[in-house]
Amino acid sequence: MNGRALRIGIKRGWAEHMQLLRNRRELTTTLVGTAGIFALLLLWIGDEQVKGTDVSSGMFMTSGFLAFTVFSNALMTLPMALAADREEGTLLRLRTVPGGISAYLVGRAVTLLCQIAVQSALILATGVVVGGAPLPHDWPTLLWVLLLGTVAVVPLGAAIGCLLPGPKAAGAVLGLPMMGLMVTSGVMLPVTYMPEAVQWIAQAFPLYWQGLGLRAAFLPDAMLAAEIGGSWRLPYVAAVLAAWAVAGMLLAPVLVRRVTRRESGSRLAERQLAAQSS
């Protein structure tokens, strides 16, 4: 990575984000659609209280949707985009350009970060306006958890994108695990409602820890009655998310280099022929 590739990547990522904002259909489905679904959930069950606490479901789900927005963008949107670009030959063309792959990855990361920022702002505003959720009482914790949580999953998303056979398979491969993690990781309902075995499994993934950190920034200590160990465990949040970030940063460059080295005109032609015949 050199300065020129970094500058080109940032410029490209920002341009793609602005193009998304100008595309009415993409804006509706990708950005506004997320807030719309969240608003419907708030209108449906937002006034109910979390069992054993005086915290409303609207307050609880606001922090959970923020966590899931980061997680789903990094581990579904980004891998699908990488798989699509590989199938269309974008990575093959960029391989011949000095610094092309590095600039491409920076651009993808910038676009993704912009989408996460916009969606997070929309979700926070929706939670406040529709669900009556208060603004975070601990802004520093909110910011470092969002930042570290993003760093923890974006490299992992790039690694997954390198392993996917193609964009059409991405939804089938990633959709069910994503929904399972959303249900079991404590972002839609307290993880203590789950069997103990499920609680241990949920704690192996970054989504649980980011959700926990965001709840610490949003919710009063009364919510601790529904948390594992009755504590926010912020040092553990930082440690686990940092460990995932390091693992992703070590794994993603290896897989990206491998997949770009394996790209060739014949492989691209084979994939395109298979796609046309399917």
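For the sequence shown, position 117 (counting from the first letter as 1) is numbered 117 according to the UniProt record's numbering, and the numbering increases by one without interruption. Each residue gets a CB set at the ideal place from its N, CA and C atoms; glycine is no exception. From a predicted model like this one, the values you see are computed outputs, not experimental measurements.
Subject >> Nearest to Ala-159 (by Cα), restricted to the options Leu-82, Trp-144 and Thr-126 >> reply: Against the sequence shown, residue 159 aligns to sequence position 159. The candidate whose alpha carbon is nearest that of Ala-159 is Leu-82.
Original post:
Which runs of the alpha helix (DSSP H), 4 residues or longer, sit entirely within the segment 183-237?
Top reply: 196-202 and 206-218
Original post:
Between the segment 55-67 and the segment 124-144, are three or more C-beta pairs nearer than 8 Å?
Top reply: yes
Original post:
How far does the alpha helix (DSSP H) with Asp-85 in it reach, from first residue to last?
Top reply: Position 85 of the sequence shown, counted from the start, is the residue given in the question as residue 85. Where Asp-85 is concerned, the enclosing alpha helix (DSSP H) stretches over 78-88.
Subject >> Touch test, the segment 224-231 against the segment 175-193, Cβ-Cβ under 8 Å, three pairs minimum >> reply: yes
**OP:** Look at the alpha carbon of Arg-261 and the alpha carbon of Ala-84, and state the distance between them as a whole number of angstroms.
**Re:** Counted from its first residue, the sequence shown places residue 261 at position 261. Counted from its first residue, the sequence shown places residue 84 at position 84. Between Arg-261 and Ala-84, the C-alpha separation is close to 17 Å.
Original post:
Rounded to a whole number of angstroms, what is the C-alpha to C-alpha distance between Leu-255 and Leu-163?
Top reply: For the purposes of this step, residue 255 is identified with residue 255 of the sequence shown, where counting begins at 1. For the purposes of this step, residue 163 is identified with residue 163 of the sequence shown, where counting begins at 1. For Leu-255 and Leu-163, the distance between alpha carbons rounds to 8 Å.
Original post:
Per DSSP, Ser-72 is paired with what?
Top reply: Looking up residue 72 in the sequence shown gives position 72. Beta-bridge pairing links Ser-72 to no other residue.
Subject >> Exposed unless 16 or more other CB atoms sit within 10 angstroms - verdict on Val-153 >> reply: Taking the first residue of the sequence shown as position 1, residue 153 is located at position 153. Classification for Val-153: buried.
**OP:** Could you check the C-alpha separation between Ala-109 and Gly-13 for me, to the nearest Å?
**Re:** Here the question's residue 109 lines up with position 109 in the sequence shown. Here the question's residue 13 lines up with position 13 in the sequence shown. One C-alpha to the other measures close to 7 Å.
**OP:** Just the C-alpha distance for Gly-213 and Trp-144, rounded to the nearest angstrom, thanks.
**Re:** Residue 213 sits at position 213 when you count from the first residue of the sequence shown. Residue 144 sits at position 144 when you count from the first residue of the sequence shown. So the alpha carbons of these two residues sit roughly 9 Å apart.
Original post:
Can you name the residues that DSSP bridges to Ser-56?
Top reply: As a working note, residue 56 is residue 56 in the sequence shown. Ser-56 is bridged to Gln-49.
Subject >> First through last residue of the alpha helix (DSSP H) which encompasses Ala-159 >> reply: Counted from its first residue, the sequence shown places residue 159 at position 159. Run containing Ala-159: 139-163, per the alpha helix (DSSP H) assignment.
Original post:
Among Ala-170, Pro-206 and Gly-175, which has the Cα closest to the Cα of Ser-185?
Top reply: The count along the sequence shown starts at 1 and reaches residue 185 at position 185. Closest by alpha carbon: Pro-206.
**OP:** Assess, as a yes-or-no matter, whether the segment 93-109 is touched by the segment 4-11 under the definition of 3 or more beta carbon pairs within less than 8 Å.
**Re:** yes
Original post:
So, helix, strand or coil for Ala-133, using DSSP?
Top reply: Locating residue 133 in the sequence shown gives position 133, where the first residue counts as 1. In this structure, Ala-133 counts as coil in the three-state DSSP scheme.
Original post:
To the nearest angstrom, how far is it from the Cα of His-17 to the Cα of Gln-115?
Top reply: As a working note, residue 17 is residue 17 in the sequence shown. As a working note, residue 115 is residue 115 in the sequence shown. The straight-line gap from Cα to Cα measures roughly 7 Å.
Subject >> CB contact flag (Met-80, Ala-170, <9 Å) >> reply: Here residue 80 refers to the residue found at position 80 when the sequence shown is read from its first residue. Here residue 170 refers to the residue found at position 170 when the sequence shown is read from its first residue. In this structure, Ala-170 lies closer than 9 Å to Met-80 by Cβ.
**OP:** Assign Gly-99 to one of three DSSP states: helix, strand, or coil.
**Re:** Sequence index remark: in the sequence shown, residue 99 carries index 99 (1-based). In the structure shown, Gly-99 sits in coil (DSSP, three-state: anything other than H, G, I, E or B).
Subject >> Neighbourhood of Ser-231 by C-beta distance below 8 Å, restricted to the same chain and skipping five residues each side >> reply: Your numbering for residue 231 matches position 231 in the sequence shown. Counting only Cβ-Cβ distances below 8 Å, and skipping sequence neighbours, we find Leu-224.
Original post:
By the 10 Å Cβ neighbour count, where 16 or more other Cβ atoms means buried, how is Pro-235 classified, buried or exposed?
Top reply: Locating residue 235 in the sequence shown gives position 235, counting from the first residue. Flag for Pro-235 reads exposed.
**OP:** Below 7 Å CB to CB, which residues in the same chain sit around Leu-21 once its five sequence neighbours on both sides are set aside?
**Re:** Within the sequence shown, the letter at position 21 stands for residue 21. Hits under 7 Å: Leu-27.
Subject >> Ala-67 and Gln-210 closer than 9 Å at C-beta >> reply: Stepping through the sequence shown from its first residue, residue 67 is reached at position 67. Stepping through the sequence shown from its first residue, residue 210 is reached at position 210. In this structure, Gln-210 lies closer than 9 Å to Ala-67 by Cβ.
Original post:
Trp-44: buried (16+ other C-beta within 10 angstroms of its C-beta) or exposed?
Top reply: Counting from one through the sequence shown, the residue named residue 44 turns up at place 44. So Trp-44 ends up on the exposed side.
Subject >> Inter-residue spacing [alpha-carbon to alpha-carbon] between Gly-137 and Phe-218 >> reply: For the purposes of this step, residue 137 is identified with residue 137 of the sequence shown, where counting begins at 1. For the purposes of this step, residue 218 is identified with residue 218 of the sequence shown, where counting begins at 1. This sequence places His at residue 137; Gly is not what is there. Roughly 6 Å between the two C-alpha positions.
**OP:** Go ahead and pull the three-state DSSP assignment for Gly-166.
**Re:** Here the question's residue 166 lines up with position 166 in the sequence shown. In the structure shown, Gly-166 sits in coil (DSSP, three-state: anything other than H, G, I, E or B).
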